[in-house]
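Participant:
In this note's numbering, the protein residues as written are 27 to 478.
(1) On a CA-only basis, which of 325, 74, 165, 85 is nearest residue 129? Give me that one, please.
(2) Whose C-alpha, out of 301, 52, 376, is nearest the C-alpha of residue 349?
(3) Could you check which residue in 423, 428, 138, 434 has the C-alpha nearest to that of residue 177?
(4) Thinking just about the alpha-carbon of each residue, which of 285, 127, 321, 251 is nearest to the one in residue 387?
(5) Output the boundary residues of the alpha helix (DSSP H) element that contains residue 125.
(6) What's the gap between the Cα of residue 87 and the Cα of residue 204?
(7) According to the Cβ coordinates, are residue 227 and residue 216 closer than 7 Å?
(8) Might you give, ordered along the chain, the residues of its own chain that have their beta carbon closer than 6 Å to the beta carbon of residue 296, omitting 5 neighbours on each side?
(9) Exposed or buried, what is residue 273 when buried is set at 16 or more other beta-carbons lying within 10 Å of its beta-carbon?
(10) The alpha helix (DSSP H) that contains residue 246, what's its start and end?
(11) Residues bridged to residue 117 by DSSP?
(12) Can you tell which of 171, 239, 366 has the C-alpha that lies nearest to the C-alpha of residue 106?
(13) Sort out for me which residues DSSP pairs residue 342 with in a bridge.
(14) In three-state DSSP terms, what is residue 416?
(15) Decide if residue 280 is buried, meaning its Cβ has at least 16 other Cβ atoms within 10 Å, or exposed.
(16) Is the region 446 to 455 close to the region 395 to 405, with three or more CB pairs under 8 Å?
(17) Measuring only the C-alpha atoms, how far is residue 304 from residue 371?
(18) Hey, how far is the Cα of residue 185 from the Cα of residue 276?
(19) Pick from 146, 175, 52: whose alpha carbon is nearest that of residue 462?
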């Protein structure tokens, strides 16, 4: 049977070679570094955002916990990736799936961390990871609950929820809000330089330069900040050369709101992982993913998140940009991604790397995240482009977006609801997703397309 122009036998052969043949030390190292560069900024950014939201980020008296969170983002991205590539029995896809800290959870994690604190957030992450792991055992049966109409809406809502953070960072950060320095020209100059360099490299460079556009853009902004005396290197000098993960670094507490929020987002993340695994096998081997790969990959996703929470790190998920890298390089080799994972684990054991990232002025990061969060929103639009826009689907999308975005913009409208419900609804993301999922299951199909 032909699959995407490749026969089933050929597809299996390609997968076998890609899974077992190592391209050589130098080529493998180069390709592994490419995978790290493609995901590095996206991987550490959630840690910086959460640290800032809960009070130990940029501008705080003690940033040691932010450095630890950055460090663990690298370490557990590597550990979760190793589980995918090497596998633990049935756990892991045995495919070149790169894991990293998830953006999707940020809109839910911020209110949980701010209101209940880091112990409750970590409790939610651990239990959410276990729930995600269990989902992996029957993930194929729930895929129909999240068609492109729902997943596109969810991704769009994630991007819209995060865009405000990018603007705040570019203007100087939350600690400066209400001061004359917020939105000052030096801050916007740094952010705009990052955006400009990123765009130039993305569209006029090729290969590794184009792939690392955001990282190089950040380095450009960082270099300008150094020349302007806006960087304090003392944190690097104080940081240790070697430090190990600390069990329950932020503590552990069970709060219903945190558990429900993390479990609901784990459901969405599980479907995202299924999509990334399917895209990897389709683009790299010309075949559909097997049930074993889908189950193992989703279980690995959940295990990686639960382990991360046990050591004070944030939820992990598969990284779509690395799936795209496989299409670009034409190399679908899990050992290459294993090298990338080992590199991340090593970086995660060196606090000086986390400290160096922490010295970056927040406006520099703001330029990068404006691009990244804009791309998250546009990825949602791209998914929605494949939807058949019938009257039914327009109604589902319009109502879900209206309620979700409206509650996010005006959370005071929920003040008379119980605290748990109020916090979950105020994210906007969860009510939008739930409305879309329920309406998609309950409303009858309508084949009448809308003409524009």
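Built from N, CA and C at the ideal position, the CB exists for glycine as well.
Facilitator: Let me lay it out:
(1) As a working mapping, residue 129 is identified with position 103 in the chain shown. Ranking the options by Cα distance to residue 129, first place goes to 74.
(2) Start at 1 with the first residue of the chain shown, and residue 349 comes out as number 323. Nearest of 301, 52, 376 to residue 349, Cα basis: 301.
(3) For the purposes of this step, residue 177 is taken as the residue at position 151 of the chain shown. Minimum Cα distance to residue 177 is reached at 423.
(4) To locate residue 387, count along the chain shown from 1; it is residue 361. Among 285, 127, 321, 251, the Cα nearest to that of residue 387 is on 251.
(5) Here residue 125 corresponds to residue number 99 of the chain shown, with the count starting at 1. Looking at the DSSP string, residue 125 is not in any alpha helix (DSSP H); the run it does join, the beta strand (DSSP E), is 125 to 127.
(6) Here the question's residue 87 lines up with position 61 in the chain shown. Here the question's residue 204 lines up with position 178 in the chain shown. If I take the Cα positions, the gap works out to 19 Å.
(7) Looking up residue 227 in the chain shown gives position 201. Looking up residue 216 in the chain shown gives position 190. For residue 227 and residue 216, no; Cβs fall outside 7 Å.
(8) The sequence position of residue 296 within the chain shown is 270, counting from 1. Closer than 6 Å at the Cβ level, and outside the excluded window around residue 296, lie 158, 161, 165, 324.
(9) The sequence position of residue 273 within the chain shown is 247, counting from 1. Result: exposed.
(10) As a working note, residue 246 is residue 220 in the chain shown. From DSSP, the alpha helix (DSSP H) with residue 246 extends over 239 to 253.
(11) As a working note, residue 117 is residue 91 in the chain shown. Residue pairing by DSSP places residue 117 opposite 114 in a beta bridge.
(12) Translated into the one-based positions of the chain shown, residue 106 becomes position 80. The shortest Cα separation from residue 106 among 171, 239, 366 belongs to 366.
(13) The residue you call residue 342 lines up with position 316 of the chain shown. BP columns for residue 342 point to 127.
(14) Mapped onto the chain shown, residue 416 falls at position 390. DSSP places residue 416 in strand when its eight states are reduced to three.
(15) Your numbering for residue 280 matches position 254 in the chain shown. Its Cβ having fewer than 16 others within 10 Å, residue 280 is exposed.
(16) At 8 Å Cβ cutoff, the stretches do not touch.
(17) Numbered from 1 along the chain shown, position 278 holds the residue referred to as residue 304. Numbered from 1 along the chain shown, position 345 holds the residue referred to as residue 371. Near 26 Å, if we compare the C-alpha coordinates of residue 371 and residue 304.
(18) Locating residue 185 in the chain shown gives position 159, where the first residue counts as 1. Locating residue 276 in the chain shown gives position 250, where the first residue counts as 1. Put simply, the backbone Cα of residue 185 is about 28 Å away from that of residue 276.
(19) Within the chain shown, numbered from 1, the residue matching residue 462 stands at position 436. For the set 146, 175, 52, the Cα lying nearest the Cα of residue 462 is the one of 175.
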